[in-house]
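Asker: Let me give you the structure first, and then I'll get to my questions.
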Amino acid sequence: MKEEKPIVQNTSDFYHPSPEIIAQANVKDPEAARLEAAKDIQAYWAKRAEELDWYKKWDTVLDDSNKPFYKWFTGGKTNIVLNALDRHVKTWKRNKLALIWEGEKGEVRTFSYHALNREVCKFANVLKSMGVIKGDLVTIYMPRIPETVIAMLATAKIGAVHSVVYGGFSVEALHGRIEDSGSKVVITADGGNMNGKKIELKKIVDEALQRSGAPEHVVVIKHLGIDVMMEQGRDFWYHELMTLPISKNGVKCETVEMDAEDPLFILYTSGTTGKPKAILHTHGGYSVGVHATLKDVFDLKEEDRWWCTADPGWITGHSYIVYGPLIAGATSVMYEGAPTYPYPDRWWSIIEKYGVTIFYSTPTAIRGLMRFGESWANRHDLSSLRLLGSVGEPINPEAWRWFYKVIGKEKCPIMDTWWQTETGMFMMAPMPAQPLKPGSATKPFPGIDADVVNAEGKSVAPGEEGFLILKNPWPAMMRTIFKDPERYVKTYWSTYPGYYFAGDSARKDKDGYFWVIGRVDDVIKVSGYRLGTAEIESAFITHHSVAEAAVIGLPHEIKGMAIHAYLILKAGNEANEALVEDLRKHISHELGPIAKPEKIEFVTSLPKTRSGKIMRRVLKARAQGMSEGDISTLEE
Ligand code: WTA
5 MKEEKPIVQN TSDFYHPSPE IIAQANVKDP EAARLEAAKD IQAYWAKRAE ELDWYKKWDT
65 VLDDSNKPFY KWFTGGKTNI VLNALDRHVK TWKRNKLALI WEGEKGEVRT FSYHALNREV
125 CKFANVLKSM GVIKGDLVTI YMPRIPETVI AMLATAKIGA VHSVVYGGFS VEALHGRIED
185 SGSKVVITAD GGNMNGKKIE LKKIVDEALQ RSGAPEHVVV IKHLGIDVMM EQGRDFWYHE
245 LMTLPISKNG VKCETVEMDA EDPLFILYTS GTTGKPKAIL HTHGGYSVGV HATLKDVFDL
305 KEEDRWWCTA DPGWITGHSY IVYGPLIAGA TSVMYEGAPT YPYPDRWWSI IEKYGVTIFY
365 STPTAIRGLM RFGESWANRH DLSSLRLLGS VGEPINPEAW RWFYKVIGKE KCPIMDTWWQ
425 TETGMFMMAP MPAQPLKPGS ATKPFPGIDA DVVNAEGKSV APGEEGFLIL KNPWPAMMRT
485 IFKDPERYVK TYWSTYPGYY FAGDSARKDK DGYFWVIGRV DDVIKVSGYR LGTAEIESAF
545 ITHHSVAEAA VIGLPHEIKG MAIHAYLILK AGNEANEALV EDLRKHISHE LGPIAKPEKI
605 EFVTSLPKTR SGKIMRRVLK ARAQGMSEGD ISTLEE
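Under our numbering, the first residue of the sequence shown carries the number 5, and numbering increases by one thereafter.
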């Protein structure tokens with residue numbers, strides 16, 4: 005890669021939208037929208053909530069009587085499915101495509117809103133027949149196929165709570181999440197295609213369930229057609245269940261009326277310490293938040309074809325593959341496999357083939373595809389594109405410019421969206437009618453008040469680095485950590501009492517544009533995937549040769565960050581290449597290929613505080629040849 009230009013911080017680097025983009029923008033004057041919302045945040049969100057259907061409108065917009073356990077739209081009755089499907093199938097939209105899916109092997113499946121609703125109703129009845137009721141937990145561990153979307157919606161429809169586990173995770177990661185959630189049913193597939201390989205998901209489920217935490221039932225989708233073990237009485241084929249006369253009205257199913265604050269899903273994500281935490285989101289506020297952000301930031305229009313390349317197993321997929329686009333009544337494209345399969349033009353061919361108009365992806369993917377040169381993109385007609393988007397990690401200006409020029413042909417603004425599993429919706433993002441600066445997520449969404457502060461909580465001067473905080477609540481915010489409300493308060497609301505601490509560092513420039521720098525905790529963003537050092541370290545310890553492990557993230561050209569592990573071996577184990585390979589395999593088997601370390605080093609000691617905590621900061625500094633900073637707490 006060429007030498008990286010420093011991140012721009014002056015106004016001369018503004019990219020201005022064209023008059024056509026401004027003319028068609030849903031929000032013509034983003035600055036005015038921000039000012040308007042700031043005047044009365046509750047009135048703003050009430051107005052946005054009015055854009056959706058409700059069984060019964062709310063009594064109170066924001067109940068902040070028990071901070072930080074904020075409640076939104078209390079007294080309101082809804083279900084996200086009411087807005088994502090039910091209201092559309094009553095109109096001409098029943099004939100509109102909700103989903104266009106392409107498998108890695110090239111097969112295509114499409115679902116109109118009518119068809120998607122029918123499948124969701126049928127599967128909701130299947131879940132009911134298995135005894136799943138309101139409030140029950142359902143784990144969904146799937147490849148990127150339409151049934152993932154169907155399973156999520158069916159679960160929500162009957163008031164149950166889904167916990168989607170990314171299909172790239174493996175045995176221990178899955179086991180821990182199934183057990184912690186106490187799921188009644190696990191929905192999976194025989195396997196999925198990824199980069200020409202078959203990933204045998206059912207096999208992973210079987211092994212995870214052997215480690216305890218057994219659900220009552222496992223539903224298996226036949227996707228690859230490979231042989232799988234089916235445990236009698238526990239495991240059922242999806243296609244068989246879907247064709248059984250389950251109830252007298254098999255293709256109809258009432259959507260369950262939920263309180264706005266009833267849980268919709270939990271989603272496990274990595275945090276600073278210990279086990280992954282289950283972030284809990286609700287029906288009402290989350291619906292309003294994803295709806296408002298997608299509509300304004302990506303300017304969705306009836307005729308758009310929207311493609312978010314994420315996986316439904318991450319928050320980006322929840323909010324902007326499944327719920328946001330469906331609430332908008334949009335047509336969403338979903339692709340099963342790898343961007344480079346069979347050649348590095350797969351994504352560009354999909355844009356051309358389906359006439360995608362808005363394309364939302366990640367810096368890692370852009371950097372990865374940049375490597376192959378422009379010609380792969382140039383052999384496709386990408387003229388359908390109108391807007392581009394980026395998420396997951398800071399986008400370096402070089403990748404931004406390549407995306408802008410080679411993919412967007414200098415006519416598509418790039419919406420760099422900063423947000424988190426916890427925030428549920430975009431927190432910071434431009435809107436199409438707003439000038440951009442490559443590498444900046446620009447400004448907070450209307451109704452969001454963000455700041456950059458020092459350790460004492462004081463705002464820092466423009467251009468200075470500090471901690472990113474959010475100063476007021478928003479509808480799609482997490483409500484708690486499932487089963488661990490204390491950790492919710494401690495992690496997010498105690499560093500700067502009264503304010504939400506995001507765990508990121510950032511700068512704000514003199515134009516009020518924010519530049520997110522990266523995590524300040526033990527979260528590592530590998531290729532945009534969020535992983536925790538603690539979970540990886542625990543997985544190392546389960547290998548027979550490892551006595552102690554420390555894991556850090558170091559900058560990587562393509563992946564953004566890469567995992568480096570420092571291990572102390574148990575006596576009698578020889579540090580050699582074969583062991584390194586075995587350890588990499590072990591991590592891949594326990595957590596998943598995304599957690600495979602880039603580098604493993606065997607050491608005889610680790611830098612620790614006197615109380616025995618590993619000082620990863622010191623490891624990081626040493627690895628990068630930087631100053632170790634304050635090491636007064638370092639053990640002798
Ligand atoms: C990082 C993903 C810079 C950030 C939606 C955040 C970003 C973490 C951006 C959350 C962006 C996300 N620019 N950094 N546009 N978007 N991040 O929970 O560090 O997987 O805290 O949610 O990703 O990751 P998560």
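We treat Cβ as the ideally placed atom computed from N, Cα and C, and that holds for glycine.
In three-state DSSP terms, what is H547?
Answerer: Coil, per DSSP.
Asker: Strictly by DSSP, which residues pair up with P559?
Answerer: M565, per the DSSP bridge assignment.
Asker: Which residues does DSSP pair with H221 in a beta bridge?
Answerer: DSSP, once it has assigned bridges, lists V189 as partnering H221.
Asker: How is I362 classed by DSSP in three states: helix, strand or coil?
Answerer: The answer is strand: DSSP assigns I362 an E or B state.
Asker: Count the CB pairs spanning the stretch 285–305 and the stretch 315–332 that are closer than 8 Å, and state whether there are at least three.
Answerer: The stretch 285–305 is in contact with the stretch 315–332.
Asker: Along the chain, where does the beta strand (DSSP E) that runs through S592 open and close?
Answerer: No beta strand (DSSP E) contains S592, which is instead part of the alpha helix (DSSP H) from E581 to E594.
Asker: Tell me whether G396 counts as near the ligand WTA, meaning its Cβ is closer than 6 Å to at least one heavy atom of that ligand.
Answerer: Yes, the beta carbon of G396 sits closer than 6 Å to at least one heavy atom of the ligand WTA.
Asker: Does the Cβ-Cβ distance between D303 and A29 come in under 7 Å?
Answerer: Yes; because the gap between Cβ atoms is below 7 Å, this pair is in contact.
Asker: Would you say the beta carbon of A37 is closer than 6 Å to some non-hydrogen atom of the ligand WTA?
Answerer: No; taking the cut-off as 6 Å, the Cβ of A37 has no heavy atom of the ligand WTA nearer than that.
Asker: Here's the rule I'm using: 16 or more other beta-carbon atoms within 10 Å means buried, otherwise exposed. How should R375 be labelled?
Answerer: So R375 counts as exposed.
Asker: Output yes or no for whether 7 Å exceeds the beta carbon distance between G288 and A314.
Answerer: It is not a contact, given that the beta carbons lie outside the stated cut-off.
Asker: What's the gap between the Cα of E7 and the Cα of G536?
Answerer: Low per-residue confidence applies at E7: pLDDT is 41, beneath 50, and the placement is therefore not dependable, though the value from the model is reported in the following sentence. Computed Cα separation, rounded: 30 Å.
Asker: Confirm the yes/no value for this check: CB of A369, any heavy atom of the ligand WTA, distance under 6 Å.
Answerer: Because no heavy atom of the ligand WTA lies under 6 Å away, the Cβ of A369 does not count as near it: no.
Asker: Find out if the Cβ-Cβ distance for the pair V136, V189 is shorter than 7 Å.
Answerer: Cβ distance < 7 Å, so V136 and V189 count as in contact.
Asker: Three or more C-beta pairs under 8 Å: does that hold for the stretch 312–327 against the stretch 151–160?
Answerer: Enough Cβ pairs lie closer than 8 Å, so yes.
Asker: Put C312 into one of helix, strand or coil per three-state DSSP.
Answerer: Three-state result, C312: strand.
Asker: Could you please give me the residues that DSSP links to A282 through a beta bridge?
Answerer: The partner list for A282 (beta bridge, DSSP) reads Y272.
Asker: Which residues does DSSP list as the beta-bridge partners of E40?
Answerer: For E40, which the question treats as bridged, DSSP gives no partner whatsoever.
Asker: Can A445 be considered in contact with the ligand WTA, in the sense that its beta carbon sits closer than 6 Å to one or more heavy atoms?
Answerer: Yes, the ligand WTA has a heavy atom inside 6 Å of this Cβ.
Asker: In chain order, what residues of the same chain lie with their CB nearer than 6 Å to the CB of L89, ignoring the 5 residues before and after it?
Answerer: Hits under 6 Å: N121.
Asker: Output the distance between the C-alpha atoms of G341 and G107, rounded to the nearest integer angstrom.
Answerer: Approximately 7 Å, taken between the alpha carbons.
Asker: What three-state label does DSSP hand A332 in the structure shown?
Answerer: Coil.
Asker: Put P501 into one of helix, strand or coil per three-state DSSP.
Answerer: DSSP places P501 in coil when its eight states are reduced to three.
Asker: Would H118 and R98 qualify as a contact pair, given that the criterion is a beta-carbon distance under 7 Å?
Answerer: Result yes, Cβ atoms of H118 and R98 sit closer than 7 Å.
Asker: Assign Q46 to one of three DSSP states: helix, strand, or coil.
Answerer: Q46: helix per DSSP, three-state reduction.
Asker: In three-state DSSP terms, what is W380?
Answerer: Note: W380 maps to helix in three-state DSSP.
Asker: Does DSSP put N400 in a helix, in a strand, or in coil?
Answerer: It is coil, neither helix nor strand.
Asker: Identify whether P267 lies in helix, strand or coil by the three-state DSSP scheme.
Answerer: Looking at P267 - three-state DSSP - the assignment turns out to be strand.
Asker: Run through DSSP, which three-state label would L157 get?
Answerer: Three-state result, L157: helix.
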